[in-house]
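Peer 1:
2 protein chains.
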Amino acid sequence: MKEKNEIDFASGLTCPIPKNDYDRVLLAHGGGGTLSHQLISKMFFSHFDNDLLNEQHDSAIFNIEKGKLAFTTDSYVVQPIFFPGGDIGELAVYGTVNDLTAAGAKPKFISVGFIIEEGFLMEELWQVVQSIKRAADNAGVIIATGDTKVVDKGNGDKIFINTSGIGIISEKINISPKNCKAGDKIILSGRIADHGITIMAARERLEFDTTINSDTAPLNGLFETIEHFGEKIHMMRDPTRGGIASTLNEIAETANVGIFIEEEKIPINGEVDAACEILGLDPLYIANEGKMIFIVSDDSADEILLTIRSHELGKEAEIIGTVTEEDSGIVIMKTTIGSKRVVDMISGEQLPRIC
Amino acid sequence: MKEKNEIDFASGLTCPIPKNDYDRVLLAHGGGGTLSHQLISKMFFSHFDNDLLNEQHDSAIFNIEKGKLAFTTDSYVVQPIFFPGGDIGELAVYGTVNDLTAAGAKPKFISVGFIIEEGFLMEELWQVVQSIKRAADNAGVIIATGDTKVVDKGNGDKIFINTSGIGIISEKINISPKNCKAGDKIILSGRIADHGITIMAARERLEFDTTINSDTAPLNGLFETIEHFGEKIHMMRDPTRGGIASTLNEIAETANVGIFIEEEKIPINGEVDAACEILGLDPLYIANEGKMIFIVSDDSADEILLTIRSHELGKEAEIIGTVTEEDSGIVIMKTTIGSKRVVDMISGEQLPRIC
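Keeping their order, the protein sequence lines are chains Y and H. For the first sequence, the numbering used here assigns the number 355 to the last residue and increments by one with no breaks. For the second sequence, the numbering used here assigns the number 710 to the last residue and increments by one with no breaks.
1. Decide if V272(Y) is buried, meaning its Cβ has at least 16 other Cβ atoms within 10 Å, or exposed.
2. Could you spell out the range, first to last residue, of the alpha helix (DSSP H) harbouring E277(Y)?
3. At which residue ranges does the segment 465-495 of chain H contain complete alpha helix (DSSP H) runs of 4 or more residues, listed in the order of the chain?
4. Checking contacts by CB at 8 Å: is Q485(H) closer than that to chain Y?
5. Round the Cβ separation of V505(H) and H384(H) to the nearest angstrom and send it over; I've been treating them as touching at under 8 Å.
6. Check distances from the C-beta atoms of the segment 141-163 of chain Y to those of chain H and list, in chain order, the residues that come in under 8 Å.
7. Indicate the three-state DSSP secondary structure (helix, strand or coil) for N360(H) in the structure shown.
8. Could you say which of T428(H), M647(H) and I524(H) lies nearest to D58(Y) if we only look at CA atoms?
9. Could you name the residues of chain H that F62(Y) contacts, counting a contact when the two beta carbons are closer than 8 Å?
10. Assuming contact is defined by CB atoms lying nearer than 8 Å, are F229(Y) and I304(Y) in contact in what I supplied?
11. Starting from N249(Y), trace the alpha helix (DSSP H) in both directions and tell me its first and last residue.
12. Pull the bridge partners of D147(Y) from the DSSP assignment, please.
13. Please tell me whether, using a cut-off of 7 Å, the distance from the CB of T247(Y) to the nearest non-hydrogen atom of the ligand NAD is below it.
14. Which runs of the alpha helix (DSSP H), 4 residues or longer, sit entirely within the segment 291-351 of chain Y?
15. Using Cβ-Cβ distances below 9 Å, what residues of the segment 638-659 of chain H are close to chain Y?
16. In angstroms, rounded to a whole number, what distance separates the CA positions of S336(H) and E445(H)?
17. Would a C-beta distance cut-off of 8 Å place E318(Y) and G258(Y) closer than the cut-off?
18. Name the chain Y residues whose beta carbon is nearer than 7 Å to that of S601(H)?
19. Closer than 9 Å between beta carbons: that is the criterion. Which residues of the segment 217-243 of chain Y meet it against chain H?
20. Just checking: is the beta-carbon of F464(H) within a distance shorter than 8 Å of some beta-carbon in chain Y?
21. Return the first residue and the last residue of the beta strand (DSSP E) that H29(Y) is part of.
22. Quick one, which residues of the segment 90-102 of chain Y are near chain H if we go by CB-CB under 8 Å, in chain order?
23. Excluding sequence positions up to five away, which residues of its chain have a Cβ less than 6 Å from the Cβ of L390(H)?
24. Please compile the residues from chain H whose C-beta is within a distance smaller than 7 Å of the C-beta of G280(Y).
25. With a threshold of 16 other CB atoms inside 10 Å of the CB of I187(Y), please say whether the residue is buried or exposed.
26. In the DSSP output, which residue or residues are listed as bridge partners for L39(Y)?
27. Going along the segment 609-623 of chain H in order, which residues come within less than 8 Å of chain A, judged by CB to CB distance?
28. Using a Cβ cut-off of 7 Å, which residues of the segment 328-355 of chain Y contact any Cβ in chain H, in chain order?
29. With a threshold of 8 Å, are at least 3 pairs of Cβ atoms found where one atom belongs to the segment 111-118 of chain Y and the other to the segment 225-241 of chain Y?
30. For T73(Y), write down the residues that DSSP places opposite it in a beta bridge.
31. Work out the CA separation of K374(H) and N360(H) for me, nearest whole Å.
32. Measuring straight from C-alpha to C-alpha, what distance separates E264(Y) and I332(Y)?
33. Mind listing the chain H neighbours of Q56(Y)? Cutoff is C-beta to C-beta under 7 Å, in chain order.
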């Protein structure tokens, strides 16, 4: 249990490493000596505060019931690290939460590994740490273990974060591309391309009429609302880097099925759409962070769609297409003008360091 | 099962991404599009080849029995990435294997997250990938999941690797600083400071009479030889960054005990010792990679020591000291000349980016 004064401290508006001591991260903060320990105990342990971390072991140790686990990892190198609607800390937590969710798992434990560039502002590190804590609380995951490395100035870029995660998969759930079959419906949980366009705008200092925000969000709560549909949910994936085009292509290829989508069904924010047009970008390829693609059994698709829409993060969900037997491995889109075109996988992301 | 030709391929002397196609890593190799997929499938999936990875899901999914799990993470930023006795790939696998081992766990699954600098030589990436595979096979762990990011040139340094790992702890094992008590013996598995001095020599192009090699090695096999001593093993930790001085200080502090060690009992390679003297460094603070500190019950210490010595990686093990009731939180060393001194924790590592 926390003491009263610890709660006050952890509410956290003041950086626990006083500016007069160290206003920037030094190499020694990653050296394994006293400065490392001060940083880890005063900033990380105090703020993330939980029984697993408080053991101060190199590994977190916990009991687990017999069953299926999901295990995932992602490194985050987004630039800029603070952007409208989020920051690298929140992104790192939600990204891993969503990867576990896409496996049909309930996210339980995450690890946080920092690679910090020498000279990074201590105050900015503190902002990121607070954001990680808020995001973990919001998603209901425990920060179980961590690591901090500092690289010399010029050999990193402010901060990179790796999060790995462990989730538990209920017996009723079986998510796999192999389950996709002709007739299945493809549900998209909401508007596309918000994250990518936000990062692009922030980086290039583009000004749009009103603010576009990253859609970064944890999708485990949304999945919980439909979990009782069990094996009617065949496949899930969060369309991040490469956008929904790349994700659908991956599914078509791995599952050996065709995918048919209708452009007019794909939700998009008008301002994002306009920005894409001005920039000459195809929103199908732009990264999302808080969206999920569900491939579900035809006979339950409408009911699952309604349930998804009942959740705040799924209220704009749409059935955007169908799994087909023909055109195996290929994604075909009926455009708004009625023609059909193949939606290829592009060679790279239009924008590096999107996540 | 692998096909014959895949085995030949995986024996791996030729980089699976032909030089004429891409001799260096491009930003697009981390973009989530075609180039990412080529790199991941041709180099990572083909070479790491296992059922979990072959599912090509964002998460690995596996069954697990009810019990205690250990979960750990570490990022590796060592510079140079190739050094006498090892490289960053091997280090990343063994480091996480050893962190799990230090929790008393049998390492089972690891994740591998790459952050690659644009322009990194494809051939060097291939060397690292092969090294990771060899190390994972050697330690008996499965590369369950992974991630690849590419950062623009000048904002990284060749390659950083995060490995996270999951291990299973047997019911008979209970490793915790809280178990340390006065009278316990402190066993060190072998010679100190090899890794740190190797990296220092490689970086500064120092020439010693003969070659000093990194001691990077997986210690799970060594632990298996003493696992049957069960609760007689109170605490374990691998003394990496900050050397045995920092590790012993951490244990003394967390366990609220005193630690008394004898300098003459601490094994060290004569050349390493000489190098430390020339460079004005204290080997107690120099990083190790393939060493373990065991704190064990007094009544079984000799038997445990003999068992450790029966293993290739423990043949130079020594009892270097004792846990004491007095001097709580402090490490005291009897020097070779017979005086006593406090072994403090220093503020940082003498050398950044040691692991």
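Every residue gets a Cβ at the ideal spot worked out from N, C-alpha and C, and that includes glycine.
Peer 2: With the structure as the only source:
1. Start at 1 with the first residue of the first sequence, and residue 272(Y) comes out as number 272. It is buried - the Cβ of V272(Y) has at least 16 other Cβ atoms within 10 Å.
2. Looking up residue 277(Y) in the first sequence gives position 277. Per DSSP, E277(Y) belongs to the alpha helix (DSSP H) from G270 to L279.
3. Listed in chain order, the complete alpha helix (DSSP H) runs (minimum 4 residues) inside the segment 465-495 of chain H are 477-494.
4. By 1-based counting over the second sequence, the position of residue 485(H) is 130. With 8 Å as the cut-off, Q485(H) does not count as an interface residue toward chain Y.
5. Reading the second sequence from its first residue, position 150 is the one you call residue 505(H). Reading the second sequence from its first residue, position 29 is the one you call residue 384(H). Contact flag correct, Cβ pair sits at about 5 Å.
6. Those residues of the segment 141-163 of chain Y that come within reach of chain H (Cβ to Cβ, closer than 8 Å) are A144, T145, G146, D147, K149, V150, V151, D152, G154, N155, G156, D157, F160 and N162.
7. On the second sequence, position 5 is the one that residue 360(H) refers to. The predicted position of N360(H) is uncertain, since its pLDDT is 33 and thus under 50; no value can be drawn from it.
8. Within the first sequence, the letter at position 58 stands for residue 58(Y). That would be T428(H), whose Cα lies nearest to the Cα of D58(Y).
9. Indexing the first sequence from 1 puts residue 62(Y) at position 62. K423, L424 and F426, listed in chain order.
10. Your numbering for residue 229(Y) matches position 229 in the first sequence. Your numbering for residue 304(Y) matches position 304 in the first sequence. Yes, these two residues count as a Cβ contact at 8 Å.
11. Here the question's residue 249(Y) lines up with position 249 in the first sequence. First-last of the alpha helix (DSSP H) with N249(Y): G243 to A255.
12. Sequence index remark: in the first sequence, residue 147(Y) carries index 147 (1-based). According to DSSP, D147(Y) bridges with G113(Y).
13. With respect to the ligand NAD, the structure offers nothing, as it holds no ligand at all.
14. 301-309
15. Residues of the segment 638-659 of chain H whose Cβ lies closer than 9 Å to any Cβ of chain Y, in chain order: Y640 and A642.
16. Nothing can be reported for residue 336(H): it is not among the residues displayed for chain H, which extend from 356 to 710.
17. Position 318 of the first sequence, counted from the start, is the residue given in the question as residue 318(Y). Position 258 of the first sequence, counted from the start, is the residue given in the question as residue 258(Y). Not a contact, by the Cβ cut-off of 8 Å.
18. For this step, residue 601(H) is matched to residue 246 along the second sequence. Neighbours of S601(H) on chain Y, chain order: G32 and G33.
19. R237, D238, T240, R241, G242 and G243
20. Within the second sequence, numbered from 1, the residue matching residue 464(H) stands at position 109. Taking Cβ atoms only, chain Y reaches closer than 8 Å to F464(H), which makes this a yes.
21. Here residue 29(Y) refers to the residue found at position 29 of the first sequence. Neither: H29(Y) is in no beta strand (DSSP E) and is coded neither H nor E.
22. D99, L100 and A102
23. Position 35 of the second sequence, counting from 1, holds the residue named residue 390(H). Excluding residues within five positions, the ones whose Cβ falls inside 6 Å are A383 and H384.
24. Counting from 1 along the first sequence, the entry for residue 280(Y) is found at position 280. Correct list: empty, because the minimum Cβ distance to chain H is about 17 Å.
25. Start at 1 with the first residue of the first sequence, and residue 187(Y) comes out as number 187. With 16 or more other Cβ atoms within 10 Å, it is buried.
26. Translated into positions along the first sequence, residue 39(Y) becomes position 39. Residue pairing by DSSP places L39(Y) in no beta bridge whatsoever.
27. Of the chains in the structure shown, none is chain A; the protein chains are Y and H.
28. Cβ contacts with chain H come from M345, I346, S347, G348, E349, P352 and R353.
29. no
30. Position 73 of the first sequence, counted from the start, is the residue given in the question as residue 73(Y). In the DSSP output, where bridge partners are listed per residue, T73(Y) has S164(Y).
31. By one-based count along the second sequence, residue 360(H) stands at place 5. By one-based count along the second sequence, residue 374(H) stands at place 19. Confidence at N360(H) is low in this model, with a pLDDT of 33, below 50, so its placement is unreliable and no value can be given for it.
32. The residue given as residue 264(Y) occupies position 264 in the first sequence. The residue given as residue 332(Y) occupies position 332 in the first sequence. So the alpha carbons of these two residues sit roughly 13 Å apart.
33. In the first sequence, residue 56(Y) corresponds to position 56, counting from 1. Those within 7 Å of Q56(Y) in chain H are T609.
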